[in-house]
Every structure is written in C-alpha cells, then in structure tokens.
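Residue numbering for the sequence shown is 6 to 793, as defined by this note's numbering.
To start, the structure under review is shown below, and the notes come after it.
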Amino acid sequence: MTDAQNAAERIAALRSELDAHNYRYYVLDEPSVPDAEYDRLFRELQALEADHPELVTPDSPTQRVGGAALSAFGEVRHEVPMLSLGNAFEEGDLLDFDRRVREGLDLPAGDLFGGGAEIGYSCEPKLDGLAVSLLYEQGRLVRGATRGDGSMGEDISANVRTIRSVPLKLQGKGWPAVLEVRGEVFMSKAGFERLNAAQAETGGKTFANPRNAAAGSLRQLDPKITASRPLEFCCYGVGRVEGIVFATQVGMIEQLREWGLPISRELKLAKGAEACLDYYRDIGERRASLAYEIDGVVFKVNDIGQQRELGFRAREPRWAIAHKFPASEELTELLDVEFQVGRTGAVTPVARLRPVKVAGVMVANATLHNMDEVARLGVMIGDTVIIRRAGDVIPQVMQVVTERRPADARPVEVPQCCPVCGSAVERTQLVKRSKGKETFSEGSVYRCVGRLACAAQLKQAIIHFVSRRAMDIDGLGDKIVEQLVDKGLVASPADLYTLTYEQVVELEGFAELSTNNLLASIAESRTPTLARFIYALGIPDVGEETAKLLARALGSLERIEQALPEVLTYLPDVGGEVAYEIHSFFEDAHNRAVIEQLLARGVELQDQGELHAEFAASTTLGGFLDKLNIPFVAATGAKNLAERFQTLEGVIGADWLDLSAMKGLNEKARQSVREFFAKPENAERARAIEAQLRDFGMHWQSEKKVVEGLPLAGQTWVLTGTLDVMSRDVAKEKLESLGAKVAGSVSAKTSCVVAGPGAGSKLAKANELGVKVMDEQAFVALLDGYGA
Ligand code: IVH
6 MTDAQNAAER IAALRSELDA HNYRYYVLDE PSVPDAEYDR LFRELQALEA
56 DHPELVTPDS PTQRVGGAAL SAFGEVRHEV PMLSLGNAFE EGDLLDFDRR
106 VREGLDLPAG DLFGGGAEIG YSCEPKLDGL AVSLLYEQGR LVRGATRGDG
156 SMGEDISANV RTIRSVPLKL QGKGWPAVLE VRGEVFMSKA GFERLNAAQA
206 ETGGKTFANP RNAAAGSLRQ LDPKITASRP LEFCCYGVGR VEGIVFATQV
256 GMIEQLREWG LPISRELKLA KGAEACLDYY RDIGERRASL AYEIDGVVFK
306 VNDIGQQREL GFRAREPRWA IAHKFPASEE LTELLDVEFQ VGRTGAVTPV
356 ARLRPVKVAG VMVANATLHN MDEVARLGVM IGDTVIIRRA GDVIPQVMQV
406 VTERRPADAR PVEVPQCCPV CGSAVERTQL VKRSKGKETF SEGSVYRCVG
456 RLACAAQLKQ AIIHFVSRRA MDIDGLGDKI VEQLVDKGLV ASPADLYTLT
506 YEQVVELEGF AELSTNNLLA SIAESRTPTL ARFIYALGIP DVGEETAKLL
556 ARALGSLERI EQALPEVLTY LPDVGGEVAY EIHSFFEDAH NRAVIEQLLA
606 RGVELQDQGE LHAEFAASTT LGGFLDKLNI PFVAATGAKN LAERFQTLEG
656 VIGADWLDLS AMKGLNEKAR QSVREFFAKP ENAERARAIE AQLRDFGMHW
706 QSEKKVVEGL PLAGQTWVLT GTLDVMSRDV AKEKLESLGA KVAGSVSAKT
756 SCVVAGPGAG SKLAKANELG VKVMDEQAFV ALLDGYGA
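Here it is in structure tokens:
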C-alpha cells in the first residue's frame, strides 16, 4: 500500500469519526468524547489534508473554517416559496385556528371519520433566529440560502458550511436524491454573551440580542467571520423533496434527525387545541431556562395529507400557526408626536420616545396607528407610557401612566396642513351602505389631499410602483426615487417612462453604465401582467392577492375599472369596503389620467382577455336581492322573493297585490320592497348591477335550479394525493361549480374519490368500501366533458 493510499484511508476514517462525534454532540445531544479528544482528531485530519491537498473534499469537517470572501451574495430562487406564519396572541386565537382547521377539513366536532375530530398537531418552540434553506443533493450539502422575500433569497452556502451542527453530508440511508431542509439559524444565549464579551474586548461591534447577532454573523461576505461565531441550526421542515413522500410532520422531523439534522428537543405531538395550549403554557414556564431565545411556539397539523388539503392563504399556510408569548414592556417618556405621510396620504401619528431598551433593543419611536388610538389611549405629550415590543413587530404604545402626567403635558393635535406638502389634511369619511341607505361617519384616518402633488405620497407611490412584486424595476432604490422626485423629474409613475439618459446620468451616483442599466430595466418593465399592474397602482387595501384575483376574475383593465362595487363583492374575499376603495380609485379623474398616461407611454398589459367563471358558482337571484340591502328583508325573505318572482324585473314590477299574496315575507318587509323599488334610482342601480354581472359572464340562475340542475348535484367527492394539472383549490371549485360537495374524508356515502400520486389512507378506505376511484387524467376528462 502506498503512502497516499494510507493517508486516504486514515483521512476517511478520521472524517467519519469526527462526523459521528458531531452528530452525537449536535443532534443527539450526547457528547461521546471530551472536547480535547475531538480537537486532537481534528488536528490530525488537518495535518494529513495539508500534506495531501488533493484529498481535500468540500464535505470534510475541516472545511467549516470558511473559504475565500465574496464580493456579494448570489441570488437563489426558492422553488417552493418560504412562507411566513400567522400569529395567535391569545388562547382564543388558537381555538379559532383549530376551528378553521377542522372546518377546512370538513371535520366538525364529533365527526365519525375525524377520529373524534381532534386534530393532531406537531408542537415546537418558535426560535428567534433566521430562516434558512439547506439543499442536499445525493446526500451532500450543495447550497444554503436565506429566506429573502420568500421567493428569492441570498446564496449563503459558504457561510452555512461553517455551522458545526449543519451536516455537510447526510447520515444513515434512505434519504431522497433531492432534499431541501428548512430551519432556523440562531445563537444561544450563552453564545451571544460570549460573542459580545469578545467583541467588546477587541473593540468590535456588539449586538443588541442573539437574533441580531445571528443575522449579522450569517450575512457576512467573509465566511471566516461566520466560522468564528457560535451559530447553531435547528430544522423544522422541508422545501423541495424528490423521491419520497412524508406522511406526518412529526414523522418527517424525526426522519430528518436520523439523517443527521438537528431538531428541537421540545418537539411533541399534541391531540387537539387544549393539548396545544398545555404545551404553550409548559414552554412558557420554561422559557427563561431554555438555552436559546424563543418568541412563541409553532403548531402544525401533523397529517401531511391534511396539510395539503388545507393549503395556503396568501403567504401563510392554513395548517400552521405561531402562538406568540406576550411581549416585553418598558416605561418611558413620550417626548413628542410627529406625523408621517404614507403612500395613500394617511397622516399617521408617530411617538418620539426617550430611548429605552425593550427586550434587548433600543426603542426611540413607536407607532400610534391613528387618532382614534391616540384618543383611546388618552395620551398627551410629556406622558409616561408603557411600550411593548413583540419580536420583530414595530414597538407599540400600550398604555399611559396617568398618575405620572406632568403639569405641562400637551394634547396631541393633528396638523391642519400636510407636514410635507402643505395641502389640507382631511378626516376620511366612512361610507356604510346598509339597508339601502348610505350613512357617513368619521373615519379614524386623516389624509393629506395632495396625493401625487405631495412629495411624500409621490415617493411612496413610486417606491411601491417599482417594487419587485409590482412593476419590478431593478436599480430604482428609495434614494434614487427621492432624487427623482426632489429634482422634479418625476411627478407621477408615468413619468418614469419619459426619463432620458441626460436626466438620469446627472443623478448622484450614476455613470454611463448604471444609467443605461436603469433605462433598460424601466423599458423592460413595460409589459407587466395585468395583476402586477393593478397591484402597482397602489389602490388602498388592494394587496398582491386581491390584485391577482381581480386580474384573474375580470381579465381586463377595462372591466376592473368599470366594475361596480356591488359586483366586486361577488368575488371571494372582497368585502364591501375593499370594493368601495377599488371603485372610487378608478372613478377618480386624476388616477384615470395617470393610467392613461402609462398606457400612452408604452405600458402594455399582458395576459388580458378571458373572464373567469369565478362569479358563476355562487350567484342566485336571492343572494343578489340580499346584497341590495332592502330594509327589513333578510336573506330568507330575499330568497322567497326570488322564488316567487324569478327575475329582477319581476321583483321590481311586483305590485301590492302580488306582494300581499306572497308567503314568506312579513307585512313590514313587503311594504319596504315596494318603497325601495318605487325609487327610480334604486331600481336603476339594481338593473345596472345585474346587467354588469351578466356582462361579466355570470350565469344567472333562479333559486333551486342552481344546485339541483347541476350534473353532480347531491354527490360528495373527496380529493386525495397530489394533483398535477390543477391545484386542489381549483379542483374543489370546479367540482362545486358542477354541484358536488367536496369532503375531507371518505365514507360509504362518498360518490367518488380522485386519487393522485401519493394517495394513502383515503384511497385505501375508498377501496375497502368499494367507493369509485379515478385518477387525475380521468377527472380532467370528466371536467372537460362538462365544460368545467
Ligand atoms: S415553520 C410554513 N417552525 O418563524 C411554515 N417556523 O413566522 C413556515 N420559525 O420564517 C415556518 N421556529 O424563521 C416554523 N418551529 C418553527 C419555527 C419557525 C422559528 C420562524 C421561521 C419563519 C418564521 C415564520
């Protein structure tokens, strides 16, 4: 045997011994050798590798010291988005979450097939660190990434490799070819104290809390610095996985542990919401004695089939929730209240405080939300106030200590003119349409009427317009937007499209190349999707999800612009107030002018066209009459009216005799119907809404026919496994539009089960009960047959 062969063998042996020690130390929490012995083996390996550099591999334990520094982090796209969690602050919130889960799974309390309808939840502490993704291919760590905005993160591969508890290769066997592990990088309380002490000694930067220390350490361009920081890792989930399907959350995490990944020692399975609350209390009591900081606990539906069934809402899973611990509170003095102007012109009060440390962070500002909140708190300038900070949330003023009010305390007054542009500040009016009447009340928000003439609103509007999820114009940071506005080069988003080379190159920090790059990305942004464009407009209350919904449902800018508020409320999740905001945004002449200018300057909307059937399923004449809010006519009355008269014209034209002869409508309601439609404006408005619903493709159905006439009426379907062609939500929607009910569990009464790959217990049950089963291909063919 040659010397090199000897060395190779010894190196392999040392590596596997060191890996095993690492695993016992970090994952099993059972150190097997004294630190000195570990260090001796480590140094031997280092020496051998130094003599045989050709034998060094990236997954050698010696490679955690950090390689060459980077000049910037690369970008990483998360193929499976990294989501955030909804929060529960009180026990009631958690019980609501559990109820939503059970409803989402069609498992009301006592359901026969839900095992007593107690949901199993995995429980873990919510570590206060940073979410990271670790990608393993063929068992080797090939990439580490930050969460970023959830879709795009930064490549921090070199840094995660330096974290001792992150395995460079997976242990054991059976791991899938591709495994993306998700978890938290954090710093223990002790590690944080040690680091700060060392930093203070060498004159380096100290950190406010372990979380900041972890973030600052992980986002170092020089991995050697990261390597010197006491970072730890704990995994809590997976992203992309190829070649394996997990059945339960707890089973999955335990499997990850077997493959060498550190998991929480506190992982537990709880049955039902009460057991979750017990867990929350237990961890809460032990919080101070834990080795690391946590800001709550996380509950996840244990059955992964059920997770899939519940799906997501916006950027949060419906199957998981963070139950937060109460935040820390401190006393300080309210020095002043200043007013900030936001994107929609809202003038909001901000508290300037005597700086105070709350839960490890210096706080000098806190939000006061709006003037109603100021009134509710009864706060005056000069007061001593209680400040609360919860995790990452903006600090809040909780309460005034009135006993400490100084004699010279001053009331908080809303400025009459905008502090930025000098325009008038007006109190918003709330419009409530109820029972056929519009009532106005004072809103809690004050608005600067200056709109895009107000530099503050203009800047925010443009920052929003160019942001990644909106028009996605690269290279237009906040500072540049400020210059563009301050120099008068841009007075509306449309002006971005007339910027010239000469104008941009003059800006601070611009040269030839950067100017050309910016102009190119502005030009590239000219072809947004309809959804992005709607989102970019910054309509109050219209976030990304609502923008997507509007685009998908209505299919064209023109229809969205013209949609009546009542018609908009037919869209899922669009309530009266949002509908009103959308409608009044497009009614506004100034907004219309900006849109026209954008289109005139070459912005061309993509994927405009088809209407979607999203309206179709749920519309009945009864529901429609109910939406008109005729005084004294409740939902059943509206339904009875619809059944009796069949059409809107029938109802409008109904005379006294017709109405008197009608059952299911009391005297007062009858009179009210007559009075309501006797007013021409009410009849006209109802006709206009109906006409637009028709224009927008609604299939107007009379009451009973809606369900009874549909091909799958009376049937109950179950979806299980993975569907490739369409999401479960879409499949469910389509089935419902054909009249079927979609249930979460299989029984003898189930009409049919659609089983995709990975189907498990439900498929087995269907087979056992002899329930009809079809695969996705057959399902799609069936839908096609019905034109759904
Ligand atoms: S699950 C879809 N589990 O909390 C599930 N997150 O608010 C998403 N976090 O970005 C995350 N401990 O950084 C999960 N046991 C835990 C966690 C945890 C801490 C963080 C994580 C995430 C944030 C979501």
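A virtual CB, placed ideally from N, CA and C, is assigned to each residue, including glycine.
- Beta-bridge partners assigned by DSSP to Gly158: Val81.
- For Arg152, the shortest C-beta to heavy atom distance toward ligand 1 is below 7 Å.
- By the criterion of a C-beta distance shorter than 8 Å, Leu315 is surrounded in its chain by Val106, Gly109, Leu110, Val306, Pro322, Arg323 and Trp324, once the five residues flanking it on both sides are discounted.
- With contacts defined as CB atoms closer than 8 Å, Val346 and Pro424 qualify as a contacting pair.
- Remark: C-beta atoms of Lys229 and Gly125 do not approach each other more closely than 8 Å.
- With the rule of 3 Cβ pairs closer than 8 Å, the segment 530 to 540 does not count as touching the segment 506 to 518.
- Annotation for Tyr285 indicates a beta carbon at 7 Å or more from all heavy atoms of ligand 1.
- Pairing Cys239 with Leu112 gives a Cβ-Cβ distance that is not under 8 Å.
- Separation of Ile299 and Ser170 (C-alpha to C-alpha, rounded to the nearest whole angstrom) is 19 Å.
- Nearest in C-alpha terms to Asn687, of all of Thr62, Leu630 and Pro762, is Leu630.
- Going by DSSP, Gly642 is part of the alpha helix (DSSP H) stretching over Ala640 to Phe650.
- DSSP places Asn687 inside the alpha helix (DSSP H), whose first and last residues are Pro685 to Asp700.
- Spanning the alpha carbons of Leu542 and Leu501 requires a straight line of approximately 14 Å.
- Three or more beta-carbon pairs separated by less than 8 Å link the segment 282 to 299 to the segment 178 to 198, which places the two stretches in contact.
- Here the distance from the Cβ of Glu314 to the nearest heavy atom of ligand 1 is not below 7 Å.
- By the 16-neighbour rule on beta-carbons within 10 angstroms, Glu185 is buried.
- A distance of 8 Å or more separates the beta carbons of Arg245 and Arg733.
- Closest in alpha carbon position to Lys684, among Ile657, Ala783 and Gln68, is Ile657.
- Minimum Cα-Cα distance from Phe317 among the listed residues Val406, Asp789, Gly91 and Asn27 corresponds to Gly91.
- Annotated three-state conformation of Asp103 is helix, per DSSP.
- Around Val366, the same chain offers Ala213, Asn214 and Arg394 as residues with beta carbons nearer than 7 Å, after the five sequence neighbours per side are excluded.
- For Pro322, the shortest separation between its Cβ and any heavy atom of ligand 1 lies below 7 Å.
- According to the DSSP assignment, Gln613 belongs to no alpha helix (DSSP H), since it is labelled neither H nor E.
- For Gln720, no alpha helix (DSSP H) run applies, since DSSP gives it neither H nor E.
- Contact between the segment 672 to 679 and the segment 631 to 649 is present: 3 or more CB-CB pairs across the two stretches fall below 8 Å.
- Ala93 has its Cβ no nearer than 7 Å to any heavy atom of ligand 1.
- Within its own chain, the residues whose Cβ lies closer than 7 Å to the Cβ of Asn596, once the five positions on either side in sequence are excluded, are Phe590, listed in chain order.
- For a cut-off of 8 Å, the C-beta gap from Val302 to His328 is around 5 Å, short enough to register as a contact.
- Note on geometry: alpha-carbon atoms of Arg82 and Asn11 lie some 43 Å from one another.
- Every beta strand (DSSP E) of 3 residues or more that sits fully in the segment 425 to 504 is shown, in chain order, as 430 to 439 and 442 to 453.
- Segment contact: the segment 263 to 282 against the segment 162 to 179, three or more CB-CB distances shorter than 8 Å; contact assigned.
- If only complete runs of 4 or more residues are kept, the segment 369 to 393 shows the alpha helix (DSSP H) at 376 to 382, in order along the chain.
- Distances from the alpha-carbon of Val758 to those of Thr725, Ala786, Leu740 and Val735 put Thr725 closest.
- Nearest C-alpha to Val430 among Gly144, Gln225, Thr349 and Ala793: Thr349.
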